[in-house]
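**Student:** Heads up, the sequence shown is in the working numbering, so the first residue is 7 and it goes up one at a time.
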Amino acid sequence: ARFKPLATRCRSPLLVVCGHPTDLFNMLADHRSSKASKPETVNTELKDMYWFVRRIALAKGNILGAPNGPPPQPLQALVDLTSTSLFSSGPVASQHKSAASSELYRHVGIDGDPHFPGHVVLAFKHNVDARYNLYQRNGKQHHIIHVAFPHREDHEWGEDQAEFMHEVAALYKTVFKEFCTTRCDRLRLVPIGRDHCPERFRDNMPGITYGGLVAGLNELTADEQDKIMKQLFSLDLFIPDSDEAKMYEVSLGNVLAHLEDLNGWTAPPLEGGAEEARREKHERLLEEYRREVERAQAQAAKSSRDGRRSVPYDGGGRPLSPTGTEGKAEAGARSCA
C-alpha cells in the first residue's frame with residue numbers, strides 16, 4: 007500500500023504511527039534513512055503523507071459549525087460520533103445520545119423518525135464500526151457517516167494510551183472506507199475519541215488525532231489509499247473549545263513542518279499539477295451539484311403544477327424512497343475495493 011513502508015520495521019504499525027508526535031517524527035526519519043540507498047524513491051510516501059495532512063482544515067465550533075463556524079457544505083460528509091447501543095429499532099428521538107448527535111439529527115430532520123434506516127441498525131448489530139447513509143429532507147441532501155465509539159470507563163483503557171490510540175486509528179480507517187462509498191469530496195468531523203478520551207490522555211489528544219488519521223489511512227489497501235488521495239479535497243476538523251483549538255493548530259503546524267524537513271524542503275511547497283487538478287475537480291463537482299439541484303427543483307415545481315407527486319433525487323440521478331431515509335442505493339452500489 008502507499009504508506010506501508012513507513013511501518014515495516016514495527017510489529018504493531020498502528021501503535022507506532024499514532025503514538026506521541028515525537029515517536030511519529032522519529033519513525034519517519036528512520037524511514038527516510040532506510041531508503042537513502044534508493045534516491046529515486048526517497049520521500050515518495052512522505053510527499054503523499056504531506057499532501058494528505060495538508061488537506062486537514064481546522065475550524066472552531068461543533069460539527070454544525072456553531073457558534074461562529076461555517077455551516078455544512080454541499081458534497082460534505084458529516085461524521086456522527088455516537089455509541090453502538092444507540093442504533094436500535096426504537097424511535098430516534100427517544101434514544102439516549104450525545105448532545106452533538108441530537109443537534110445533528112435535528113439539523114438533518116430525522117429526530118422525529120420512528121427508527122434509524124434498517125441497514126444502519128443491521129450494520130451496528132453485526133459490530134460494524136461505521137455506516138454511511140444519505141438522508142434527503144426538505145429538499146436537501148445530508149451525507150452522514152454514523153460512527154460507534156465503544157463505551158468504556160476511563161480505567162478500562164489502561165495506564166498508557168496505546169489501546170485508546172489503537173481504537174481511534176481503527177475508527178478513522180472505517181470512516182475512510184465509508185467515505186469512499188459516497189460522492190462527496192469533503193469530510194467534516196470532530197476528532198474521534200475526543201468525548202471519550204480519559205483525562206490522563208487529554209493533553210495529547212491532538213497527537214492522537216493526527217497520528218490516528220495517518221494510521222487509519224496507512225491501514226487501507228493501496229486502491230483505497232489512492233481513492234482517498236484522489237477523492238478527498240478537504241478534511242474539515244472542528245474543535246469546539248477555543249483553547250483546545252490552539253493546541254490542535256500548533257500540533258498541526260509541527261507535523262507539517264517536520265514533514266517538510268524530512269522531504270528536504272526549505273519552505274512549504276506550492277501546489278503541483280495533481281493538487282491543482284484536484285482543486286479544479288472540486289469546483290467542477292460543485293457546479294454539477296448545483297445544476298442537479300436546479301433540475302430537481304424545476305422538476306418538482308413542474309410536477310406540482312401538473313398535480314403529480316414528485317420523486318426526490320439524491321443528486322446522482324437516482325430516485326430515493328419517499329421517506330428519504332434509506333441510502334442503500336448509494337451505500338451499497340459503490341465500494342472502495
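Glycine included, every Cβ here is placed at the ideal spot set by N, Cα and C.
Assuming residue 152 contacts residue 174 under a Cβ cut-off of 8 angstroms, what Cβ separation, rounded to an integer in Å, is found between them?
**Tutor:** Not a contact, Cβ separation roughly 17 angstroms.
**Student:** With distances taken from CA atoms, which of 111, 146, 270 is nearest residue 296?
**Tutor:** Looking at the Cα atoms, 146 is the closest of the given residues.
**Student:** If contacts are defined as beta-carbon pairs under 8 angstroms, then residue 186 and residue 234 qualify, I think. What distance do you get, rounded to the angstrom?
**Tutor:** Sure, about 7 angstroms apart at Cβ, within 8 angstroms.
**Student:** DSSP three-state label for residue 117, please.
**Tutor:** Here residue 117 sits in coil by DSSP.
**Student:** Does DSSP put residue 285 in a helix, a strand or coil?
**Tutor:** Here residue 285 sits in helix by DSSP.
**Student:** Who are the near neighbours of residue 73 in its chain, counting only those whose CB is closer than 8 angstroms to its CB and skipping five residues on each side?
**Tutor:** Correct list, in chain order: 67.
**Student:** Check whether the region 166 to 180 touches the region 102 to 118, taking contact to mean three or more Cβ pairs, one atom from each stretch, closer than 8 angstroms.
**Tutor:** The region 166 to 180 vs the region 102 to 118: no contact.
**Student:** By alpha-carbon positions, which one of 293, 274, 82 ends up nearest to residue 2?
**Tutor:** This structure cannot speak to residue 2, because the chain is shown only from 7 to 343.
**Student:** Are the region 160 to 169 and the region 195 to 211 in contact at 8 angstroms, needing three or more beta carbon pairs?
**Tutor:** Verdict: yes, contact present.
**Student:** May I ask you to report which of helix, strand or coil DSSP gives residue 104?
**Tutor:** DSSP places residue 104 in coil when its eight states are reduced to three.
**Student:** What is the rounded straight-line gap between the Cα of residue 77 and the Cα of residue 244?
**Tutor:** Rounded to the nearest angstrom, the two C-alpha atoms are 11 angstroms apart.
**Student:** Could you pull out every residue in the same chain whose Cβ sits closer than 7 angstroms to the Cβ of residue 257, ignoring the five residues on either side in sequence?
**Tutor:** If we look at residue 257 and ignore the five residues flanking it on each side, its Cβ neighbours are 27, 212, 213, 216.
**Student:** Which stretch, first to last residue, makes up the alpha helix (DSSP H) that contains residue 221?
**Tutor:** Taken as a continuous stretch (DSSP letters only), the alpha helix (DSSP H) holding residue 221 covers 211 to 224.
**Student:** Name the DSSP bridge partner or partners of residue 146?
**Tutor:** BP columns for residue 146 point to 143.
**Student:** In terms of DSSP beta bridges, what is residue 85 paired with?
**Tutor:** For residue 85, which the question treats as bridged, DSSP gives the partners 151.
**Student:** Leaving out the 5 sequence neighbours to the left and right, which residues in its chain are closer than 7 angstroms to residue 6 when beta-carbon positions are compared?
**Tutor:** This structure gives no information on residue 6, because the portion of the chain shown stretches from 7 to 343.
**Student:** Roughly how many angstroms separate the alpha carbons of residue 319 and residue 104, rounded to a whole number?
**Tutor:** With a pLDDT of only 42 at residue 319, under 50, the local geometry of the prediction cannot be trusted, and the value read off the model is given with reservation. Those two C-alpha atoms are separated by around 30 angstroms.
**Student:** Identify, in the order they occur along the chain, each residue of the same chain with its Cβ nearer than 8 angstroms to the Cβ of residue 284, setting aside the five sequence neighbours on each side.
**Tutor:** So the list reads 236, 239, once near-sequence residues are dropped.
**Student:** Output the distance between the C-alpha atoms of residue 37 and residue 265, rounded to the nearest integer angstrom.
**Tutor:** Any reading at residue 37 must be qualified, since the residue scores a pLDDT of 44, below 50, and its modelled position is unreliable; the value itself is stated next. So the alpha carbons of these two residues sit roughly 12 angstroms apart.
**Student:** Please report how far the alpha carbon of residue 160 lies from the alpha carbon of residue 302, in whole angstroms.
**Tutor:** Going by the C-alpha atoms only, they are around 49 angstroms apart.
**Student:** For residue 157 and residue 267, I'd like the C-alpha separation in whole angstroms.
**Tutor:** In a straight line, the C-alpha of residue 157 is about 39 angstroms away from that of residue 267.
**Student:** Taking only three categories from DSSP, how would you classify residue 207?
**Tutor:** Helix at residue 207.
**Student:** So, residue 86 versus residue 107, is the Cβ gap smaller than 8 angstroms?
**Tutor:** It is a contact, given that the beta carbons lie within the stated cut-off.
**Student:** Check the DSSP bridge columns for residue 66 and list the partner residues they point to.
**Tutor:** Note: residue 66 sits in a beta bridge opposite 245.
**Student:** Output needed for residue 129: all residues of its chain with C-beta closer than 6 angstroms, excluding positions within five of it in sequence on either side, in chain order.
**Tutor:** 137.
**Student:** For residue 137, name the three-state secondary structure that DSSP assigns.
**Tutor:** Three-state DSSP puts residue 137 in a strand.
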